[in-house]
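*Asks:* If you read the sequence shown in the working numbering, its first letter stands for residue 31, the second for the next number, and so on. For each residue, glycine too, the CB sits at the ideal point set by N, CA and C. Once you've had a glance at the structure underneath, I'll fire off some questions.
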Amino acid sequence: MKKILVTGGAGFIGSHFVRSLAGADVTVLDKLTYAGNRANLDGVPHTFAHGDICDAGLLAEVVPGHDLVVNFAAESHVDRSIDGAAEFVRTNVLGTQTLLQACLDAGVPKVVQVSTDEVYGSIDTGSWDESAPPAPRSPYAASKAGGDLIARSYAITYGLDVSITRCGNNYGPRQYPEKIIPLFVTNLLRGRKVPLYGDGGNVRDWIHVEDHCAGIRLVAEAGEPGEVYHIAGNAELTNLELTGLLLEACGRDWSLVERVEDRKGHDRRYSLDDTRLRGLGYRPRISFDQGLKETVGWYATHRDWWASS
Ligand code: NAD
């Protein structure tokens, strides 16, 4: 049976990834920050190691013997990185390097570093392909770009088989209610106001978390060392358009929308060209309409999961 280590596996995307690994022997290593929640893995067979990807001693115990390591562990919220960048650099850069070194030392045959379209900055028209240079504009994006570049260097310098995935904005059940979809849905379900940044014209490409995980599994199987793979969704929307859909799904109206000052350095638009991954057979399966309906339904029926946040 394949042994897979999922770092950050108690978070939003990592826990969906663990759920998608039926038949594997899975270890989850997670620091359980505010964003990590062991309940995200309820009913899912796994071995749990509580700890930090910056802890080389712990990694030397946990990493050996795994056939695949997938790194989701990160500080992941742009607004928090603007308020304080240090933890982002620590986990997303130093933690990634510490994990890669442990994988190299243990002879792990395949590693996937999970990353984001935000490393490229902002693009008004067209889409980035994987040859676009990183040009991050927030401390979060810069720290992820740093981790990605360290991963590339481990592939080239040491021959570690590590591939990098970059994905757009994820949505789905169990996303901590600080990102726009779960924040707006949980506020609207409570009849509270939602804060819309600036003119609401920022564009994001939305992907259901399960499609993202399918793309990562494909890269784990077929990705080349040191290469980047884009995982795109199928729904490009302005925040204003998204807000309209969320109001409709929650049965609320625009009186609950509060315009707030724009985020500092707010990227206008992200867009990924995913031709490379499609060449390996990738297709997003979940339409945004259906995925959003089910996601709102999940938050409506799992108030105990988010009520205290
Ligand atoms: P999340 O914030 O929900 O989860 C992060 C997890 O990592 C948590 O369980 C947390 O406890 C854990 N963690 C944080 N620091 C750690 C450390 N030092 N050691 C061990 N564990 C630690 O994040 P997410 O939205 O699930 O994102 C997962 C990954 O996917 C991140 O690398 C993120 O950059 C990337 N990504 C996210 C999105 C998105 O839309 N959410 C899009 C593209 C890429």
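1. As a quick exercise: from H242, L62, C84, V258, pick the residue whose alpha carbon is nearest that of V119.
2. Check whether the Cβ of A172 sits closer than 8 Å to any heavy atom of ligand 1, and report yes or no.
3. Provide the residue(s) that pair with L267 in DSSP beta bridges, ordered along the chain.
4. Do I34 and V239 have their C-beta atoms closer together than 9 Å?
5. What number of angstroms, rounded off, separates the C-alpha of T281 from the C-alpha of L62?
6. What do you get for S338, buried or exposed, if any count of 16 or more other CB atoms within 10 angstroms of its CB means buried?
7. Our contact map puts G177 next to S152 with C-beta atoms below 8 Å; I'd like the distance itself, whole angstroms only.
8. For F78, verify whether its CB is less than 8 Å away from any heavy atom of ligand 1.
9. From K32 to D55, what does the alpha carbon distance come to, in whole angstroms?
10. Indicate, with yes or no, if ligand 1 has a heavy atom lying under 8 Å from the CB of L59.
11. Ligand 1 and A267: does the residue's C-beta get closer than 8 Å to at least one heavy atom of that ligand?
12. If you draw a straight line from the C-alpha of V93 to the C-alpha of G125, how long is it?
13. Closer than 8 Å: is that where the CB of T37 sits relative to any heavy atom of ligand 1?
14. Once the 5 residues before and after D303 are set aside, which same chain residues still bring their CB inside 7 Å of it?
15. May I ask whether a heavy atom of ligand 1 can be found less than 8 Å away from the beta carbon of L102?
16. Suppose you measure from the CA of E29 to the CA of V224; what does that come to, to the nearest Å?
17. With respect to 8 Å, is the separation between the Cβ of F42 and the closest non-hydrogen atom of ligand 1 below this value?
18. Check whether the segment 319-327 and the segment 123-141 are in contact - that is, three or more C-beta pairs closer than 8 Å.
19. To the nearest angstrom, how far is it from the Cα of I211 to the Cα of N217?
20. Verify whether the separation of the beta carbon atoms of V233 and S193 is less than 9 Å.
21. Does ligand 1 have a heavy atom nearer than 8 Å to the CB of A65?
22. May I ask you to verify whether the segment 241-253 touches the segment 167-186, counting CB pairs closer than 8 Å and requiring at least 3?
23. Since Q131 is in the alpha helix (DSSP H), which residue starts that stretch and which ends it?
24. Tell me the rounded alpha-carbon separation between L51 and S285.
25. With a threshold of 8 Å, are at least 3 pairs of Cβ atoms found where one atom belongs to the segment 64-77 and the other to the segment 265-272?
26. DSSP puts H80 in a beta bridge; with which residues?
27. What residue does the alpha helix (DSSP H) around L89 start on, and which one ends it?
28. Find out if the Cβ-Cβ distance for the pair E148, A171 is shorter than 9 Å.
29. Do you know how far the Cα of E266 is from the Cα of G230?
30. So, under 8 Å CB-CB, A103 and N67 are touching, yes? Tell me the CB distance rounded to an integer number of Å.
*Replies:* A quick look at the data gives this:
1. C84
2. no
3. R234
4. no
5. Checking the sequence, you will find Gly at residue 281 rather than Thr. Going by the C-alpha atoms only, they are around 34 Å apart.
6. exposed
7. G177 to S152, Cβ: 20 Å. No contact.
8. Incorrect: F78 has no Cβ contact closer than 8 Å to ligand 1.
9. So the two alpha carbons sit approximately 6 Å from each other.
10. yes
11. For clarity, residue 267 is Leu in the given sequence; the question names Ala instead. Result no, Cβ not under 8 Å from ligand 1.
12. 14 Å
13. yes
14. S157, W158, D159, H260
15. The sequence shown places Phe at residue 102, rather than the Leu named in the question. Yes, ligand 1 has a heavy atom inside 8 Å of this Cβ.
16. Nothing about residue 29 can be reported from this structure: the residues present for the chain run from 31 to 339 only.
17. yes
18. No, the segment 319-327 does not touch the segment 123-141.
19. 10 Å
20. no
21. yes
22. no
23. 126-136
24. 43 Å
25. No, they do not touch.
26. D60
27. In the DSSP annotation of this structure, the continuous segment of the alpha helix (DSSP H) that includes L89 starts and ends at 86-92.
28. yes
29. 14 Å
30. Not a contact, Cβ separation roughly 14 Å.
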